[in-house]
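Every letter in the sequence shown is one number past the one before it in our numbering, and letter 54, counting from 1, is 54. Note that CB positions come from ideal geometry on N, CA and C, so glycine has one too. Given the structure is predicted, the values throughout are model-derived calculations rather than measurements.
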Amino acid sequence: MSATIYSAEYYYTTVKDAPGQGCRFLETLATEEVNLLAFNAFPVGKDRTQLVIYPLNSTWLGELARHEGLKLTGPHHAFIVHGDDELGALVGIHQKLCDAEINVSSSSGITDGRGGFRYIMHVHPEDFERAKSVLGVDLNVKSLADFHLGVYRRFAAKN
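Next up, the structure:
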């Protein structure tokens, strides 16, 4: 199995569950040049939606939150896996965690249609460091968050 596993920070916030809320949030991220590794949204209760943000650069997301008065919870930690899409690609990863009695609390994945896949996996916070060791997460591998995009921040003063 050819896969790379690295850790990523994520944050979440909740918004009113109404048409356009997610769109406005994503538009704000784009306008303020906060690039994402991943994004997820799901209902929490009758009239709220939780937005889960996996930023390429956590510092920029924090600046945006302060600038916009956005309350974020985090950082929390997840694993992002990417590799070759093949039958059973995730079995070995899950088996290592199973053998170590580490529960995967949530996950989501997708193939890219070109022979690769991406997978986000969460374990309980108290198991995160042990899971890093069990999975052999190479701390010397540059995560996507370390890549330089040559994008410069421009915050406009609020009235």
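Starting from residue i, trace the beta strand (DSSP E) in both directions and tell me its first and last residue.
i      : result
Ile93  : Where Ile93 is concerned, there is no enclosing beta strand (DSSP E), although the alpha helix (DSSP H) it sits in stretches over Val91 to Asp99.
His124 : Where His124 is concerned, there is no enclosing beta strand (DSSP E), given that its DSSP letter is neither H nor E.
Leu51  : Arg48 to Pro55
Ala3   : Ala3 to Lys16
Asp84  : Thr73 to Asp84
Gly109 : Val104 to Thr111
Asn40  : Leu36 to Pro43
Using a 10 Å radius around the Cβ and a threshold of 16 neighbouring Cβ atoms, would you call residue i buried or exposed?
i      : result
Asn159 : Note that Asn159 scores 46 on pLDDT, short of 50, meaning its location in the model is unreliable; the coordinates nonetheless yield the value given after this. Answer is exposed; the Cβ neighbour count stays below 16.
Leu97  : buried
Lys16  : exposed
Ala18  : exposed
Phe42  : exposed
Ile120 : buried
Ser2   : exposed
Val81  : buried
Ile102 : buried
Ala89  : buried
Ile110 : exposed
Ala157 : Here Ala157 scores only 45 on pLDDT, less than 50, and its place in the model should not be relied on; the value that follows carries that caveat. Under this definition Ala157 is an exposed residue.
Leu64  : buried
Leu87  : exposed
Hey, out of the options, whose CA is closest to residue i's CA?
i      : options                          : result
Ser108 : Ala18, Phe39 and Glu63           : Phe39
Val123 : Gly115, Phe42 and Ala8           : Ala8
Ala100 : Gly136, His67 and His77          : Gly136
Thr4   : Arg118, His94 and Leu26          : Arg118
Lys132 : Glu27, Ala78, Thr59 and Cys23    : Ala78
Leu51  : Asp85, Trp60, Val104 and Leu29   : Leu29
Val134 : Glu126, Ser106, Ser105 and Ile93 : Ile93
Ser105 : Glu86, Asp85, His67 and Asp127   : Asp127
Glu68  : Val91, Arg24, Glu129 and Val44   : Arg24
What are the boundary residues of the alpha helix (DSSP H) that includes residue i?
i      : result
Val134 : Phe128 to Leu135
Gly62  : Ser58 to Glu68
Leu26  : Gln21 to Thr31
Just confirm the distance between the C-beta atoms of residue i and residue j, as a whole number of angstroms; I'd bet it's less than 8 Å.
i     : j      : result
Gly83 : Gly113 : Between Gly113 and Gly83 the Cβ distance is about 15 Å, and since that is not below 8 Å, they are no contact.
Gln95 : Thr49  : In fact, because the Cβ distance is near 34 Å, the residues do not count as touching under 8 Å.
Exercise for the section: Count the CB pairs spanning the region 69-82 and the region 5-13 that are closer than 8 Å, and state whether there are at least three. Expected result: yes
Exercise for the section: Could you tell me whether the region 53-72 touches the region 23-38, using the rule of 3 or more Cβ pairs below 8 Å? Expected result: yes
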